[in-house]
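In the order they appear, the protein sequences are chains A and B. Heads up: the first sequence begins at 1 in my numbering, then just goes up one per residue. Heads up: the second sequence begins at 1001 in my numbering, then just goes up one per residue. Just so you know, even glycine gets a beta-carbon here, dropped at the ideal spot from N, CA and C.
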Amino acid sequence: MEANLAQPLPQAHHAAPGGVWRWLASTNHKDIGTLYFWFAATMFLIGGLMAMLIRAELFQPGLQLVQPEAFNQLTTLHGLIMIFGVIMPAFTAFANWQVPLMIGAPDMAFPRMNNWSFWLLPVAGVFLVGSTLLPGGAVAGGWTMYPPLFLQGGISYDLTIFAIHIMGASSIMGSINIATTILNMRAPGMTLMKMPLFVWTWLITAFLLIAVMPVLAGAVTMLLADRNFGTHFFDAAGGGDPVLFQHVFWFFGHPEVYILILPAFGIISSVIPTFSRKPLFGYASMVYATASIAILSFLVWGHHMFTVGMPAAAQLYFMYATLLIAVPTGVKVFNWVATMWRGSLTFETAMLFAVAFVCLFTIGGFSGLVLAMVPVDIQLQDTYYVVAHFHYVLVTGALFSIYAGLYYWLPKWTGHMVNETWGRWHFWLSAISVNVLFFPMHFLGLAGMPRRIPDYALQFADFNRVASIGGFVFGASQILLLIVILKCIRGGEKAEARAWEGAEGLEWTVPSPAPYHTFAQPPEVK
Amino acid sequence: MRLGRQMLLLVCGAGWIQPVVADWALNLQAPKSDIAARIHDIHTLILLVCLGIFVVVFGVMFYALFKHRKSAGHQAHHFHEHATVEVIWTVIPLLILVGMAWPATRAVLDQKDTANPDLTIKVTGYQWKWEYDYLQDGVKFMSASSTPADQIANQAAKGAHYLLEVDEPMVVPVGKKVRVLLTSHDVIHAWWVPALGVKQDAIPGFIRDTWFRANEPGTYRGQCAELCGRGHAFMPIVVEVKSEADYQAWLADKRAGNQARAVAAVAAVAKTFSPAELKTRGERIFAANCAACHQADGKGLPGVFPALAGSKIANGPAAAHIDRVLRGKEGTAMSAFQEQLDDADLAAVITYERIAWGNTGSPVQPADVKARRK
């Protein structure tokens, strides 16, 4: 028996199967990771084109390109697609590719469920995007789906609820898979506190997802029942309360915010030490900070609802609880800066995006502090200031971390180094235009421009033009990323097993590109 | 501030931007109430604290970015833990946060204190207009956007208060504590006047309250702040703050006008109008109340808002048509108009819908509408 175990396991010799079945029936974590990635990229293109249309309509006052009804559909779908179709699947792509490689596992714990949780997503994506073709067009009630407005729409609203259920099921299965893999399949010697921080952040994210996706499912099911089965959960005339929906939604929605950012913290915590040639500063405090953020995220949902008219005591509780989150978040930023301090820094594109992330995500954090102050939030709730805030967190935060991760791990995935010249162009164009796009939105919100409007008063015209120009440049710059990725897949300088000089971790011990099956024999972690 | 604006103009390459209104506003609107002033100050305080932290933290980071480069020959120092430092940068932010939250806490308590108002006005949101009901003074009216459709469609030059102008503004006396009771007739709206520092969601089936006290006379403009459907961008709020004497004069005027209208409405019920008279009057009312959804050409928006041209109801028995307009349709954006329009206006608009766009329904008289009211 022991002699048998010493032999490499048979599947280690299997090459990738060919044809369409390789992808449809895949149980391989790398292939499924790739599928997640291309799904996210496709949805990013669709959601991005919607954003371009939104910015084109807002280029000047008056209605030019789209009517208000269509505009509301664009903003609603843009939000749903970017959150559920881009950021979440992209992070799951990283989890699929990297978690087994980083903990020395041969694959995910449940490879077939992994296949299923991916292939649910395109179905949901088709429902969501395809609903634009239904009579009455797609959902137009905002991605937050507040009733009673959401009760007024047509059949596409029910289809969207179905799509959200499917995406929720996919997320829950994916999370169970990731959590089980991390807890059960680590290489011998890799204790929890030796795991790379990316693995830690995904473990915590997985638990957040398992906790709150059912809450979202419950909220949209109640909407479905109110719409079709004569219930009155959210209708005061039948004894319900429209605000109840907001409480349930944001009890999901605030942890969701951290679902969209904790894996980003993990990626950045991998990239910065590599290019600083120095271990991550304060590893243990980073783990504790991530866990505290996750726990606090369940206790602050009311700060999305300061204008619904809650009692002063509730407003104050939610304000102080929200401010508390700034403490562990601050610890993370300080730790990243301390990691760079007295390092030996180089600025490959991955590092450029990571540094931009630290800087710009912090701007989003600061505007979050401003919004946490109840009296100020009363002025800024539902204005462009909020739009600026969450785009700094989600675009220069989550999306930039995804870019950093791509530039960092593409050599491991493709076996080729990234073309740094193209990468640099992509970085500088994106980093400058994204600020031209989103920074003026702070001013628009302060001056009194509400969000989700297709047309605006004349005093908002100037900054809207600036933002639109920034938006077009930012949108066009992302074509460069596609070119970088395609070039990297097709060729380029050969990547070594350890593609970056300062890279640490198990994924850099396997060849580049990573073989179809890795760690059939568990590595030894000292 | 001026330097900032000039730099922005420079950055934006000036020339090709033709400023419609040269207004690169960078901050909150000039506060016109004590609460708005305190919000302004709290915002400034937090902004400065954040700026300070930003400069210190990223000063350190950029120092490292320039001085600790590999290309500058810097060797990495392999330290990776320091308990004291970690404690310090946990505790100090905590203290800063509490320091910032203190003035905000006091402002919250004052903001929520709606007791002892001088004047109470009930404000009801409708898709897409506001109703103001002066509970003590017996005045009640609708307030809708007065921006002409051709300005929105870019067929006419836009006025100075484009999208921020209404037919009937809310009028309040200066220096008086005005308590605003908010509710909604259909979906959630939010009533917001930035210069007065007041915003409150209007929630159907519930009444929420807020208050303001305007410090100086003037006209203050705001907008609905909660997505409420197709017309969300087109339901502005205008508050005119007048001296007590002017306010009383406005009240008297308003009451007299209301009375005259009520007398005319009673007289109209007894009168029979010609279809042409009803159609002319109805077209105006349709444009103000119905065209946002059903469209000026009566074709609606397929799948969202039903067409009236050729519709079963508009070409069928009058009673069903009157009932639909009086009581609306539950679960849709079709509002109940029985409280919003009088019998003559309703008869006019219903008649218009029944004979315009090639429809062949029978005309309706004010008395018919009155008979269908419950």
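May I have the straight-line CA-CA distance separating residue i from residue j, to the nearest angstrom?
i: R451(A); j: Q1223(B); result: 11 Å
i: V1239(B); j: W425(A); result: 50 Å
i: H581(A); j: K1122(B); result: Absent from the model: residue 581(A). The displayed extent of chain A is 1 to 526, so no value can be given.
i: M262(A); j: E1086(B); result: The amino acid at residue 262(A) is misidentified as Met; the sequence shows Leu. Each residue's Cα considered, the two are about 20 Å apart.
i: M82(A); j: A124(A); result: 13 Å
i: M173(A); j: Y36(A); result: 14 Å
i: F91(A); j: L1163(B); result: 42 Å
i: T1360(B); j: I1350(B); result: 12 Å
i: A1022(B); j: T1210(B); result: The pLDDT assigned to A1022(B) is 47, lower than 50, so where the model puts this residue is not dependable, and the model offers no usable value.
i: W1192(B); j: V510(A); result: 59 Å
i: W301(A); j: L208(A); result: 14 Å
i: P305(A); j: D1342(B); result: The displayed chain sequence assigns Met, not Pro, to residue 305(A). So the two alpha carbons sit approximately 37 Å from each other.
i: P1306(B); j: I204(A); result: 48 Å
i: G364(A); j: L1326(B); result: 48 Å
i: C1290(B); j: Q315(A); result: 39 Å
i: G1099(B); j: L324(A); result: 13 Å
i: I1237(B); j: V1172(B); result: 13 Å
Closest Cβ-Cβ distance between residue i and chain A: below 7 Å?
i: P1117(B); result: no
i: V1021(B); result: The predicted position of V1021(B) is uncertain, since its pLDDT is 48 and thus under 50; a value taken from the coordinates is nonetheless stated next. Closer than 7 Å to some Cβ of chain A, the Cβ of V1021(B) qualifies, so yes.
i: G1229(B); result: yes
i: Q1029(B); result: yes
i: M1001(B); result: Residue placement at M1001(B) cannot be trusted, given a pLDDT of 41 that sits under 50; what the coordinates show is reported in the next sentence. No, its Cβ sits nowhere closer than 7 Å to a Cβ of chain A.
i: L1341(B); result: no
i: I1237(B); result: no
i: D1034(B); result: no
i: C1290(B); result: no
i: L1308(B); result: no
i: I1121(B); result: no
Please confirm whether residue i has its beta-carbon closer than 7 Å to some beta-carbon of chain B.
i: I378(A); result: yes
i: W413(A); result: no
i: I149(A); result: A small fix is needed here, since residue 149(A) is Leu in this sequence, not Ile. Output row for L149(A): interface = yes.
i: A447(A); result: yes
i: W119(A); result: no
i: F366(A); result: yes
Comparing C-alpha positions only, which one of the options sits nearest to residue i?
i: M1142(B); options: I1152(B), K1129(B), N1154(B) and L1182(B); result: K1129(B)
i: I489(A); options: G189(A), T34(A), A264(A) and A93(A); result: T34(A)
i: T290(A); options: E57(A), M417(A) and P328(A); result: P328(A)
i: Q1111(B); options: V1263(B), K1177(B) and I1313(B); result: K1177(B)
i: K332(A); options: A350(A), L345(A), A321(A) and F357(A); result: F357(A)
i: W608(A); options: H416(A), P100(A), N464(A) and R22(A); result: Here chain A covers residues 1 to 526 and nothing more, so residue 608(A) does not appear.
i: K194(A); options: M102(A), A41(A), H416(A) and L45(A); result: M102(A)
i: I1188(B); options: H1077(B), P1366(B), I1203(B) and A1157(B); result: I1203(B)
i: G309(A); options: V1198(B), L1065(B), K1329(B) and G1300(B); result: V1198(B)
i: G1125(B); options: A1025(B), G1052(B), G1229(B) and A1036(B); result: G1229(B)
i: G85(A); options: Q64(A), A51(A), F59(A) and L128(A); result: L128(A)
i: V374(A); options: T322(A), D462(A), M340(A) and W341(A); result: T322(A)
Could you pull out every residue in the same chain whose Cβ sits closer than 8 Å to the Cβ of residue i, ignoring the five residues on either side in sequence?
i: W422(A); result: L480, I483, V484 and K487
i: L458(A); result: P61
i: N72(A); result: A140, G141, G142, R452 and P454
i: T1219(B); result: P1169, V1238, V1239, E1240 and V1241
Skipping 5 residues on each side, what residues in its chain have a beta carbon closer than 6 Å to that of residue i?
i: F39(A); result: P89 and L121
i: I1042(B); result: P1103 and A1104
i: S344(A); result: R277
i: G230(A); result: none
So does residue i have its beta carbon nearer than 6 Å to some heavy atom of the ligand ATP?
i: G491(A); result: This structure lacks the ligand ATP, and indeed carries no ligand of any kind.
Spatial neighbours of residue i within its chain, please: C-beta separation below 7 Å, excluding the five flanking residues on both sides.
i: S401(A); result: A264, I267, I268 and F357
i: S1033(B); result: L1196, G1197, F1212, R1213, A1214 and N1215
Worksheet entry | Interface positions of the segment 295–309 of chain A facing chain B (Cβ-Cβ less than 7 Å), listed along the chain | Hits within the stretch, in order: T307, V308 and G309.
Fill in: Contacting positions in the segment 277–297 of chain A - beta carbon closer than 8 Å to chain B
R277, K278, P279, L280, F281, G282, Y283, A284 and S285
Worksheet entry | Residues within the segment 312–338 of chain A neighbouring chain B, beta-carbon criterion of under 7 Å | A312, Q315, L316, M319, Y320, L323, A326, V327, G330, V331, V333, F334 and V337: these are the residues of the segment 312–338 of chain A whose beta carbon lies less than 7 Å from some beta carbon of chain B, given in chain order.
Worksheet item: If contact means a Cβ-Cβ distance below 7 Å, which residues of the segment 1075–1096 of chain B contact chain A?
Response: Q1075, A1076, H1077, H1078, H1080, E1081, E1086, W1089, T1090, P1093 and L1094
Fill in: Cβ-based contacts, 8 Å cut-off: residues of the segment 1158–1169 of chain B near chain A
K1158, A1160, H1161, Y1162, L1163 and L1164
Practice prompt. For the segment 1351–1367 of chain B, enumerate the residues whose C-beta is nearer than 9 Å to any C-beta of chain A, in chain order.
Written response: none
Practice prompt. Could you name the residues of the segment 1139–1151 of chain B whose beta carbon sits closer than 9 Å to any beta carbon of chain A, in the order they occur along the chain?
Written response: Q1151
Discussion item. Taking beta-carbon pairs under 8 Å, can you tell me which members of the segment 1188–1211 of chain B lie near chain A?
Written reply: Listed by position, the residues of the segment 1188–1211 of chain B near chain A (Cβ gap below 8 Å) are I1188, A1190, W1192, P1194, G1197, V1198, K1199, Q1200, D1201, I1203, P1204, G1205, F1206, R1208, D1209 and T1210.
Discussion item. Short of 9 Å Cβ to Cβ, which residues in the segment 434–460 of chain A face chain B?
Written reply: V436, P440, H442, F443, L444, L446, A447, G448, M449, P450, R451, R452, I453, P454, D455, Y456, A457, L458, Q459 and F460
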